[in-house]
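Protein chains in written order, with the numbering used here: chain C, 4 to 320; chain L, 299 to 616.
Written as structure tokens, this is what we have:
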């Protein structure tokens, strides 16, 4: 029997260590880093990718992948901005816009799930194709970046509720959602499906429903990210989510979730998203020459990915 | 009759039928679409996609969730490097080719070593490598594209050689013949199918699993490098992110060509047909007088439709 380090039992521990190390480096380079205002503004800029990564985690736990998540972010972003502007920017229009955005994200996710679980299409190619369709619709709704939401939307997003900044409320809500889901039978079925889909099916689990559910959650969180970006940028952009797809996969893997399914969790993915953001922060404040930044960032991420995978291995072997 | 149905259901047959239907449809919608001159252009563009897809095909055939997301970055990198090494001079072509192809082979090999030694999933490893290559490209270009093809490279790629077909099409055919021979007639080729079908069985049968898998990724890097050079010859100039558009289409060309993403079954001839199908589809949508978003939606839906024909996974029941 092989000795196992504590880190191998908890794949996200490496993410915790890397996260703390990056925080320390960040404090050394940017002394204001720990100030509440700076921390909140960092959090606000990391929030969209963290949300997409949370949704992506559920799909990956079922051993699938969602390459359309970024396109859903864009589609929801432009749809919400257009609905709010089209209805005159009143309070009611904002509420309807936000609700419609969430519903749209879930609908996109369910569509992905139906293609993958019921029609039995291969997940990578399918979600790539549906991503093309979703971004096509995003361009239809709003061909160029623009339009404005009423000031109340972005002041509410940048402001506080009961003394706590809105972005922290959103993150806390996401964490609470994940905690509730994590205790549900759905989550167990999800991990069973990711571990061995054939066995899960033969045990009588509703495998197709579970996979559709995972894609629906991914769509829900992608739409939350789209809403967060409405609050952050105060306008719509049909291409805004493009880079989020692969970043979300990176964050999920950094957080110790195995792409082969079953192993991992949401907490690691949130940390993974923060790690990605902190790496850019550190590189920015280290005052590296501009042309070196991309390469250094790429190498650090590759090393962190490799480290995460190697450390997480103890769980599945 | 059953044999006929089986033949028609083969992915390659479907791809060939799709090619004819797309050509006829294109001709109906905009006369001149299937003219010889137009077909030559389409084949040149398909050749670029086809050569990247060749590497992607090897990686996917090798199984264990094989996939190469770094191909687009490597193409941009190769095009930039080749353009700057050639600097419009024919005398520099050979050493530019050697450096670029050697370099891209090494990039692929590093991915392959990460996959076999550290056992990092290919999707993760090549995604990380994509970031490194893109970062390296920014360092070299300093954000400004530069470099031009040697005139001879442009002529080799674009000038008609035989039957009015340009050199790039023959280079593609040569890649196809060599790759098919490698896959069907050499030990390495059999090994690729063996590790793709069942890695454990292959290892027990004495197949050098790790060496074969590492080499497959190295070859994908090499073929992406070749695509970058051909792209440079085709466009003459270097532009930023030139290769990005090839990443996911190269995977789709392989899948609609009948190679299973699970590995171990398929071949390159189908992928060549798949590349032609994709390019035809894109160009029909371009000739149709519809706005870009409509083209994109139809393209995505057609891909889903193609998945319906084949590329479905097996039932859980039975």
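Built from N, CA and C at the ideal position, the CB exists for glycine as well.
Using a Cβ distance threshold of 8 Å, residue 565/L and residue 478/L count as a contacting pair.
At a cut-off of 8 Å, the C-beta of residue 386/L has no neighbouring C-beta in chain C. Rounded to whole angstroms, the gap between the alpha carbons of residue 530/L and residue 356/L is 24 Å. When beta bridges are read from the DSSP output, residue 535/L appears opposite 446/L. With fewer than 16 other beta carbons inside 10 angstroms of its own, residue 404/L counts as exposed. Annotated as distal: residue 265/C and residue 162/C, with beta-carbon spacing of 8 Å or more. Against residue 440/L, the close residues of chain C are 294, in the order they occur along the chain (beta-carbon pairs closer than 7 Å). When Cβ-Cβ separations below 8 Å define contact, residue 270/C makes no contact with chain L.
The CB of residue 595/L comes closer than 7 Å to the CB of 136, 139 and 140 in chain C, given here in chain order.
Contact annotation: in the stretch 326-356 of chain L, no residue has its CB less than 8 Å from a CB in chain C.
The beta-carbon of residue 580/L is placed no less than 8 Å from the nearest beta-carbon of chain C. Beta-carbon to beta-carbon, residue 192/C and residue 213/C are separated by about 5 Å, close enough to satisfy the 8 Å threshold. Counting the other Cβ atoms within 10 Å of the Cβ of residue 420/L gives 16 or more, which makes it buried.
Here residue 250/C is not near residue 75/C, since their CB atoms are 8 Å or more apart. The beta carbons of residue 118/C and residue 222/C sit no closer together than 8 Å.
Contacts with chain L (Cβ-Cβ distance below 9 Å) from the stretch 58-81 of chain C involve 68 and 70, listed in chain order. Residue pairing of residue 239/C in beta bridges, as defined by DSSP: 149/C.
Under the DSSP assignment, residue 460/L falls in the beta strand (DSSP E) whose first and last residues are 458-460.
Rounded to the nearest angstrom, the gap between the Cα atoms of residue 113/C and residue 219/C is 5 Å. Leaving aside the five residues that flank residue 358/L on each side, the residues in its chain whose CB is nearer than 7 Å to its CB run, in chain order, 364, 365, 552, 557, 559 and 561. Taking a C-beta distance under 8 Å as the contact criterion, residue 611/L and residue 125/C qualify as a contact pair.
A Cβ-Cβ distance of about 6 Å is found for the pair residue 60/C and residue 260/C, placing them in contact under the 8 Å criterion. At a beta-carbon threshold of 7 Å, the residues of chain C lying near residue 611/L are 123 and 125, ordered along the chain. In the three-state reduction of the DSSP assignment, residue 464/L falls in the strand class, which pools E and B. If you check each beta-carbon in the stretch 409-423 of chain L against every beta-carbon of chain C, the ones closer than 8 Å belong to 412, 416, 417, 418, 419, 421, 422 and 423. In terms of beta-carbon proximity, residue 218/C stays away from the interface with chain L, with every pair separated by 8 Å or more. Residue 388/L counts as exposed, since fewer than 16 other C-beta atoms from the protein chains shown sit within 10 angstroms of its C-beta. Per DSSP, the unbroken alpha helix (DSSP H) holding residue 605/L starts and ends at 590-607. Proximity of the stretch 20-33 of chain C to the stretch 231-250 of chain C falls short of the contact definition, fewer than three beta-carbon pairs being nearer than 8 Å. Of the candidates 196/C, 138/C, 18/C and 178/C, the residue whose Cα lies closest to the Cα of residue 224/C is 178/C.
One Cα belongs to residue 32/C, the other to residue 275/C, and the distance between them is close to 21 Å. Look at the stretch 494-528 of chain L: it has no residue with a C-beta under 8 Å from a C-beta of chain C.
Under the three-state reduction of DSSP output, residue 126/C falls in the helix class. Think of a sphere of 8 Å around the beta carbon of residue 404/L: no beta carbon from chain C falls inside it, the nearest being about 15 Å out. As a beta-bridge residue in DSSP terms, residue 163/C pairs with 168/C. Counted as a single uninterrupted DSSP element, the alpha helix (DSSP H) harbouring residue 253/C occupies residues 247-257.
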